[in-house]
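There are 2 protein chains.
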Amino acid sequence: MNDGEGKNCPIFFSLEIFGDKWSLLILRDILHFDKQHYNEFLESDEGISTNILADRLKKLESEGIISKEKDPDNKKQFIYSPTKKCLDLLPIILEIAVWGAKYDPETKAPPEEMAKIRKNRKEYIQDIRAKFQYLDQ
Amino acid sequence: MNDGEGKNCPIFFSLEIFGDKWSLLILRDILHFDKQHYNEFLESDEGISTNILADRLKKLESEGIISKEKDPDNKKQFIYSPTKKCLDLLPIILEIAVWGAKYDPETKAPPEEMAKIRKNRKEYIQDIRAKFQYLDQ
DNA sequence: TTTATTGCTTGCATAATGCAAGTAAAATAT
DNA sequence: ATATTTTACTTGCATTATGCAAGCAATAAA
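Which chain is which? The protein sequence lines are A and B, in order.
With our numbering as the guide, the letters of the first sequence map in order to residues 24 to 160.
With our numbering as the guide, the letters of the second sequence map in order to residues 24 to 160.
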């Protein structure tokens, strides 16, 4: 899989960028719940703190995973959008969901949805990517 | 993908168990580098601290992701082995590696290995699982 | 019995997170 | 033009997690 540990090990490289609970939850919110605004992330049930949210959004932006711009429909807000680099994180988010759904006896994951993922991951991912097609320009 | 956030969201559920850098690195060491002993994990290039290592191994064990027993070949040491639950984390580890290899310009990931994964993830995972076949008893 | 090894544990400093109040900038209302 | 509201942070402080390095208990081996 990889030839060595440390700085340029692909896994370590990735984890240095997004290997913490809050970053991954933000990515979930963007990729699955279509959240785009600061206050939407703030409202997630896990209750992220404002300073942590600001910090993580800033980092994800500086890593080129999300972009931040004025919301055209509401100039008082910013929207945070996934980049291509972000969309490439979908398989990770999905696999984390699959594992969680399998091992949490009280999972909220809808069975039909999970079945759809397990049946054809590529197709499922493609459907989500299609949602963000406006990025391809 | 999931129907809601918070406690029984499959992603949050997973992240509460292994959603931190150190846990994921330990899992990498187990699943890819075939490390089994405490001091082997300690030697990884990322330089985990003894207290963090002990803490994480303990948690992973209590979550049923690894098992701990006396090493039959060397009674002075414990071996930490992956459970089935651990093997089911392979897709996650793999996808993290794929993303990291793609976006790290200086990645150490061997191209042939990455190509093999991209070509057929299932087969690649099956090969790794075969390595741990002794678990099936 | 003594020694060596192993896997932690501990004390302390530093860094990160969490809580809640505060604030600056910009858009909108008056 | 000024006042108000909203948004996205920022800040101060308490708590928790991590990191460093020394220490130690248990166990196996000499």
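The C-beta atom is built at its ideal place from N, Cα and C for all residues, glycine as well.
K58/A sits buried, since 16 or more C-beta atoms from the chains shown fall within 10 Å of its C-beta. S67/A carries a coil assignment under DSSP once its states are collapsed to helix, strand and coil. Per DSSP, reduced to three states, the secondary structure at P105/B is strand. Taking C-beta atoms as the reference points, K131/B and G27/A count as a pair closer than 9 Å. Across the stretch 47 to 60 of chain A, CB contacts with chain B closer than 7 Å involve L47, L48, R51 and H55, in sequence order along the chain.
Contacts with chain B at 9 Å (Cβ-Cβ) do not include K82/A. Scanning I148/B, P133/B and S104/B for the CA closest to the CA of C32/A turns up P133/B.
A straight line joining the alpha-carbon of S85/B with that of D43/A spans about 21 Å. One thing to note: K107/B has its Cβ no nearer than 9 Å to the Cβ of F101/B. Contact between R152/B and V121/B is absent: CB atoms are separated by about 18 Å, not below the 8 Å threshold.
By the rule that beta-carbons nearer than 9 Å mark a contact, Y126/A touches chain B.
In this structure, E118/A places its C-beta atom within 9 Å of the C-beta atom of P114/B. Note on geometry: alpha-carbon atoms of K139/B and I116/B lie some 15 Å from one another. At a Cβ-Cβ threshold of 9 Å, F35/A and L48/B count as neighbours.
The alpha-carbon of K154/A is positioned some 12 Å away from that of F56/A. The CB of K142/A never comes closer than 8 Å to any CB in chain B; the least such distance is about 13 Å.
Nearest to L80/B by alpha-carbon distance, out of K125/B, Y147/B, I148/B and I53/B, is I53/B. It is roughly 16 Å from the alpha-carbon of S46/B to the alpha-carbon of K91/B.
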